[in-house]
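Q:
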Amino acid sequence: MGYTLHGLDKCDTCAKARRWLDRHGVDYRFIDYRAQRPEPDTLRDWARQIGGWDKLVNKSGPTWRNLLPQRKNPASDAEWTLLIREHPPLLRRPLVLRGDALLGVGFNERLFGGWFADAALTSSGHSTK
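For the sequence shown, the numbering used here gives the first residue as 5, with consecutive numbering after it.
#1: Alpha carbons only, please: which of 99, 74 and 43 is nearest the one belonging to residue 89?
#2: For residue 35, which of 110, 64, 9 and 77 has the nearest alpha-carbon?
#3: Does the distance from the CB of residue 54 to the CB of residue 109 come in under 8 Å?
#4: Using 8 Å as the cut-off, can you tell me whether the region 46-53 makes contact with the region 76-90, which would need three or more C-beta pairs spanning the two stretches below that distance?
#5: Let me know the secondary structure DSSP gives residue 120 once reduced to three states.
#6: Apply the 10 Å Cβ neighbour rule to residue 94 and answer buried if 16 or more other Cβ atoms are within range, or exposed otherwise.
#7: So, with DSSP's three-state summary, where would you put residue 132?
#8: Between which two residues does the beta strand (DSSP E) containing residue 79 stretch?
#9: Are the beta-carbon atoms belonging to residue 30 and residue 120 less than 8 Å from one another?
#10: Buried or exposed for residue 72, going by 16 or more other Cβ atoms inside 10 Å?
#11: Quick one: what's got a C-beta closer than 7 Å to residue 20's C-beta in the same chain, skipping five residues either side?
#12: So what's residue 31 in DSSP terms, helix, strand or just coil?
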């Protein structure tokens, strides 16, 4: 089971997370939300695993603040997935997966140390998809 980091290529927090993974020799794949937008089923699965849409969506960033008020109250999973696919920066980042299991979102050295404690050190580094 490999690791996948989802985020934005130009996100400072994602860059810190990627540097940490590289420094610790963790083999992972990085996927930019903008280049490869998650499918609706994937978004629903992530929301379920993390405990709901409110934990998956960043409501403190400029993308959320700039939404029209009527877009800020999605009433269904379909509305949430449409909103996120239209505005990928709404997803918290980085989002970390091991296989299909969501480990969590965000970057914190202590959390990463726990999540990747059993990761085999490799010289291959990471790949970008």
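For each residue, glycine too, the CB sits at the ideal point set by N, CA and C.
A: Here's the rundown:
#1: Along the sequence shown, one-based indexing puts residue 89 at 85. Ranking the options by Cα distance to residue 89, first place goes to 43.
#2: Counted from its first residue, the sequence shown places residue 35 at position 31. That would be 9, whose Cα lies nearest to the Cα of residue 35.
#3: Position 50 of the sequence shown, counting from 1, holds the residue named residue 54. Position 105 of the sequence shown, counting from 1, holds the residue named residue 109. Result yes, Cβ atoms of residue 54 and residue 109 sit closer than 8 Å.
#4: yes
#5: What you label residue 120 is simply residue 116 of the sequence shown in a count that begins at 1. Residue state, collapsed to three classes: coil.
#6: Within the sequence shown, numbered from 1, the residue matching residue 94 stands at position 90. Answer is buried; the Cβ neighbour count reaches 16.
#7: On the sequence shown, residue 132 is found 128 positions in, with the first residue counted as 1. With a pLDDT of 49 at residue 132, under the threshold of 50, the modelled position of that residue is not reliable, and the figure given next carries that caveat. Three-state DSSP puts residue 132 in a strand.
#8: On the sequence shown, residue 79 is found 75 positions in, with the first residue counted as 1. No beta strand (DSSP E) holds residue 79; DSSP gives it neither H nor E.
#9: What you label residue 30 is simply residue 26 of the sequence shown in a count that begins at 1. What you label residue 120 is simply residue 116 of the sequence shown in a count that begins at 1. Contact: yes.
#10: The count along the sequence shown starts at 1 and reaches residue 72 at position 68. Looking at its Cβ environment, which holds fewer than 16 other Cβ atoms inside 10 Å, residue 72 is exposed.
#11: For the purposes of this step, residue 20 is identified with residue 16 of the sequence shown, where counting begins at 1. Counting only Cβ-Cβ distances below 7 Å, and skipping sequence neighbours, we find 111.
#12: Here the question's residue 31 lines up with position 27 in the sequence shown. Note: residue 31 maps to coil in three-state DSSP.
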